[in-house]
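Below: one structure, written as structure tokens.
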Amino acid sequence: MAAHDLPAPPVQAVPRGERLLAAYVGLVILFLALPVLIVVPLAFSSDVSLTFPPRGFSLHWFANIWARPEFLSAFALSAGVALVATAISMVAGVLAAIAFVRHTFPGRDALLMLFMTPLVFPAIVLAAALALVMTPLGLLRSFWGLALAHVVLTLPYILRTAVATLSEIDRSYQEAAHTLGADRWQAFRHVTLPMLRPGLLAGATFALIISFDEFTVSMFLVGPGVMTLPLEMYNYSEFTLDPTLAAISTVLLALTSLAILIIERLVGLGKQFGG
Numbered sequence: 118m119a120a121h122d123l124p125a126p127p128v129q130a131v132p133r134g135e136r137l138l139a140a141y142v143g144l145v146i147l148f149l150a151l152p153v154l155i156v157v158p159l160a161f162s163s164d165v166s167l168t169f170p171p172r173g174f175s176l177h178w179f180a181n182i183w184a185r186p187e188f189l190s191a192f193a194l195s196a197g198v199a200l201v202a203t204a205i206s207m208v209a210g211v212l213a214a215i216a217f218v219r220h221t222f223p224g225r226d227a228l229l230m231l232f233m234t235p236l237v238f239p240a241i242v243l244a245a246a247l248a249l250v251m252t253p254l255g256l257l258r259s260f261w262g263l264a265l266a267h268v269v270l271t272l273p274y275i276l277r278t279a280v281a282t283l284s285e286i287d288r289s290y291q292e293a294a295h296t297l298g299a300d301r302w303q304a305f306r307h308v309t310l311p312m313l314r315p316g317l318l319a320g321a322t323f324a325l326i327i328s329f330d331e332f333t334v335s336m337f338l339v340g341p342g343v344m345t346l347p348l349e350m351y352n353y354s355e356f357t358l359d360p361t362l363a364a365i366s367t368v369l370l371a372l373t374s375l376a377i378l379i380i381e382r383l384v385g386l387g388k389q390f391g392g
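Heads up, the sequence shown is in this note's numbering, so the first residue is 118 and it goes up one at a time.
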């Protein structure tokens with residue numbers, strides 16, 4: 118029998134459960150992407166109000182961002198606070214992770230859970246508590262008070278990823294470095310820290326996003342001259358509801374996408390999240 122006379126293999130039907138799962142995942146992705154699909158077109162609308170679908174095309178609302186210095190100063194403040202809070206959290210998180218992973222001491226698990234409480238603590242209660250702490254220290258409505266408050270929020274993300282990554286690193290690598298003559302700092306800098314980099318980058322990414330986007334805690338700590346971008350956008354929306362807010366959101370989306378592309382080029386998204 119010739120090869121072309123052989124019957125074609127039967128086409129296996131996709132199980133119904135897999136089709137339902139694929140449809141469900143597609144709906145979830147669509148739901149998550151829907152705000153982006155609405156906000157981005159609104160940023161280029163020529164209408165004076167937030168109406169969808171947008172009517173006309175205009176770059177006026179992007180120019181309006183530059184025409185309002187309060188948005189630029191709020192963006193600079195949010196970026197500065199996020200960078201400072203993330204840097205402090207990275208140093209404290211790495212040191213704490215070394216203590217939790219490499220050493221055993223009484224109450225270690227309880228202390229680790231205490232570090233993680235900001236992840237589950239009610240934001241409004243945490244904000245009020247931080248305001249009460251900052252007031253006698255003279256840090257209320259100041260850059261450093263806001264940055265230290267954001268450290269409380271961002272530290273759990275750094276610590277969690279650092280602990281998870283450090284737990285996978287065999288101590289024999291560091292012991293081998295000591296055998297070759299490296300001291301503790303040299304072994305940490307040249308052996309442990311490079312292996313920690315994927316976890317630290319993942320934690321730093323989450324920390325930057327959480328700090329920059331923080332609203333509730335910042336609301337209790339800001340004041341005249343110290344205003345973050347989310348709060349400035351909220352104050353703007355109380356009196357004016359035009360596509361300027363959509364334009365700001367589009368710019369932030371573009372910056373976030375650019376950061377993801379840079380991370381992908383430098384270390385790869387798989388390494389970024391510990392894959």
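Virtual Cβ for every residue (Gly too), placed ideally from N, Cα, C.
State whether the segment 188–200 contacts the segment 340–348, with contact taken as three or more CB pairs (one from each stretch) at a distance under 8 Å.
yes
Thinking C-beta only, is S166 closer than 8 Å to D359?
yes
Hey, out of V280, V339, P253 and L270, whose CA is closest to R314's CA?
Among V280, V339, P253 and L270, the Cα nearest to that of R314 is on V280.
Evaluate A244 with the Cβ neighbour count: other Cβ atoms within 10 Å of its Cβ, from every protein chain shown; 16 or more gives buried, anything less gives exposed.
buried
Do you know whose CA, among A364, I379 and T373, lies nearest R99's CA?
Outside the shown range of the chain (118 to 392) lies residue 99, about which nothing can therefore be said.
Could you check if I275 is buried or exposed, using at least 16 other CB atoms within 10 Å of its CB as the buried criterion?
Looking at its Cβ environment, which holds 16 or more other Cβ atoms inside 10 Å, I275 is buried.
Between D300, F332 and Y351, which lies nearest to E187 when the distance is taken from Cα to Cα?
Y351
Run through DSSP, which three-state label would G224 get?
DSSP places G224 outside both helix and strand once states are collapsed to three, so it counts as coil.
Output the boundary residues of the alpha helix (DSSP H) element that contains H267.
F260 to S284
Check this for me: beta carbons of A209 and L249, under 8 Å apart or not?
Between A209 and L249, the CB-CB gap reaches or exceeds 8 Å.
Is it buried or exposed for L106, if we count other Cβ within 10 angstroms and need 16 for buried?
Because the chain spans 118 through 392 in this model, residue 106 falls outside it and cannot be assessed.
For R277, is the classification buried or exposed, using 16 other Cβ atoms within 10 angstroms of its Cβ as the cut-off for buried?
buried
Work out the CA separation of L370 and V308 for me, nearest whole Å.
Between the alpha carbons of V308 and L370 lies a distance of about 36 Å.
Would L372 be called buried (16 or more neighbouring beta carbons within 10 Å of its own) or exposed?
exposed
Compute the Euclidean distance between the alpha carbons of Q303 and F323, then round it to the nearest angstrom.
28 Å
Go ahead and pull the three-state DSSP assignment for G340.
strand
Less than 8 Å between the CB atoms is what I'm expecting for H267 and S190, so what's the real figure, rounded?
At roughly 18 Å, the Cβ-Cβ gap does not stay under 8 Å, so H267 and S190 are not in contact.
In angstroms with no decimal places, state the Cα-to-Cα distance between A293 and D287.
11 Å
Using a threshold of 8 Å, state whether the C-beta atoms of L283 and A214 are closer than that.
yes
Beta carbon of L317, beta carbon of M230: below 8 Å?
Remark: C-beta atoms of L317 and M230 do not approach each other more closely than 8 Å.
Whose C-alpha, out of F217, V156 and L348, is nearest the C-alpha of F232?
F217
Just to confirm the assignment, what range does the alpha helix (DSSP H) spanning P253 have?
A240 to L254
By Cβ distance below 7 Å, which residues in the same chain neighbour R225 in space, the five residues on each side in sequence not counted?
F217
Provide the residue span of the alpha helix (DSSP H) that contains E355, from first to last.
For E355, the uninterrupted alpha helix (DSSP H) run begins and ends at L346 to F356, by DSSP.
Under a Cβ-count criterion, where at least 16 other Cβ atoms within 10 Å of its own Cβ denotes burial, should T221 be classed as buried or exposed?
exposed
Just to confirm before moving on: does the CB-CB distance between A202 and A246 stay below 8 Å?
Not a contact, by the Cβ cut-off of 8 Å.
Where does G320 land, buried or exposed, given buried means 16+ other C-beta within 10 angstroms?
buried
Would you kindly report the start and end of the unbroken alpha helix (DSSP H) that includes P170?
From DSSP, P170 is part of no alpha helix (DSSP H); its letter is neither H nor E.
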